[in-house]
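Just so we're aligned: the sequence shown equals residues -24 to -1, 1 to 352 in mature numbering (1 follows the signal peptide of the UniProt record, and there is no 0). Shown next, in structure tokens, is the structure this report addresses.
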Amino acid sequence: MRPFSMLMFMTICLLLIMGQPAISEGLPQPTLSVITNDPDDVIMEGDTISFFCETTYGNAKRFFLTSLGTNETKEQSGSQFTISQITSYYSGAHTCKYCDQSSCSEPSDPEHIYVRDTFPEPIISVQPRKIVHSGERMTITCSAHFDNIIFFIYKDNELVMEAAASRNTTSYEIQSMAKQNAGQYMCWYKKTTNNRLIQSHPSDPLMIRIKDLPKPTVDVEIPKAEVTSVRINCTVLGTNRKLWFQLLREDKTVEQEVEDTEQTKVTFTIMDRNEKYYCIYRIRIGTDFADSELSDMIFLGKGLADYTMGNCFHVVLSAILLIATGLILFNHIRQKQNRREPVPDLPAARLLIVKESEELEMEIQREPAKENEYKD
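Below is the structure:
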């Protein structure tokens, strides 16, 4: 290269370098944030969003927003960049920086956005379980992140319910489950945004099955050497599956359970006897569980729990009552005897007459003896 050409090339490069502000390590790094109209920061096509390039440096003159995916840069004097009618073209990472008259800051950490052309999928759930009994009530619920939407619930790709919801959820109820209600359910929704009716992705599939398992049998054992506990035996008819047993209280909370066993009979030892109990068992079907029907109710009560002490107490109480009854009867007889009136004493005159009458009677009795003496 000729010396003149070399000089011209170096001069042009120097002018280009002098035209760009230098990056200064003394300027603080800015922070880039995104503001959307959605509480979950879901950005749909047609929305309006804002980028904020924030800094503590007070002498910033120019701000720059760069899209790393397209390498496009916007420049302005303010720190807020507003983008209306956004499209999926803006999806990706973005950074910002600022400059004063002589230097520029280093770029901010990247901020990622994703512009959707469809809404995110809803969440589908079921109560009480995915595997239910015949005749049991079941409720399928579909929920989303948005209000004022139209829900669609499908069973085996056939529409079973369409509902406009002012809230972000809707439910499909089956009062009595039957075989025709079993199958695969899914849901999705539509929502109007920016004068466009946009559809969501479909939810994950939900498989509903019916499995009628017979209820287990239960019996109670009371250890002779121990009166503080009771054993409840829960038994299942022969099966070659692994079982999960649960002892439930009256409110269906789990009191005890035995997991992943091949035994068809398990024993639960309980201390709280003044309670109602049920027993159920479960089997695994795929990734889900099927529950049996509830066993017959077991109500022990305090009397069964403390039967030995209760019998002793009853014997002692009966003896006390018997003794008390005898004492009351004896006292009653004694009081009745004490109430008899004594014979009153006779007056002196009547006592003399009685005495004379007795002497006269004795004299009359002696008269026949005297007559016999005269005859002899």
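Virtual Cβ for every residue (Gly too), placed ideally from N, Cα, C. Bear in mind that the values here come from a model prediction, so they are computed numbers and not experimental data.
Under a Cβ-count criterion, where at least 16 other Cβ atoms within 10 Å of its own Cβ denotes burial, should residue 23 be classed as buried or exposed? buried
Entirely within the region 148 to 229 and at least 4 residues each: give me those alpha helix (DSSP H) ranges in chain order. none
What span of residues does the beta strand (DSSP E) with residue 78 cover, start to end? Note, residue 78: premise wrong, no beta strand (DSSP E); not H, not E.
Pair every Cβ in the region 84 to 98 with every Cβ in the region 62 to 74, then say whether three or more of these pairs are closer than 8 Å. yes
On the premise that residue 163 lies in contact with residue 100, defined as a C-beta separation below 8 Å, what is that separation, rounded to the nearest angstrom? 5 Å
Quick one: is residue 216 buried, meaning 16 or more other Cβ sit within 10 Å of its Cβ, or exposed? exposed
Cβ contact check for the region 109 to 119 and the region 56 to 70: 3 or more pairs under 8 Å: no
Same chain, Cβ closer than 8 Å to residue 93, neighbours up to 5 away in sequence not counted: 20, 21, 64 and 174
Count the other CB atoms within 10 Å of the CB of residue 31; is the residue buried (16 or more) or exposed (fewer)? buried
Just to confirm the assignment, what range does the beta strand (DSSP E) spanning residue 7 have? 7 to 11
Figure out for me which residue from 120, 102 and 61 has the closest Cα to the Cα of residue 15. 120
Near residue 77, what residues of its chain come up, given a Cβ to Cβ distance below 7 Å and the 5 sequence neighbours on each side ignored? 37
Contact under 8 Å by Cβ, residue 125 with residue 167: yes
Length of the line joining the Cα atoms of residue 90 and residue 138: 29 Å
Could you pull the DSSP bridge partners for residue 41 from this structure? 50 and 72
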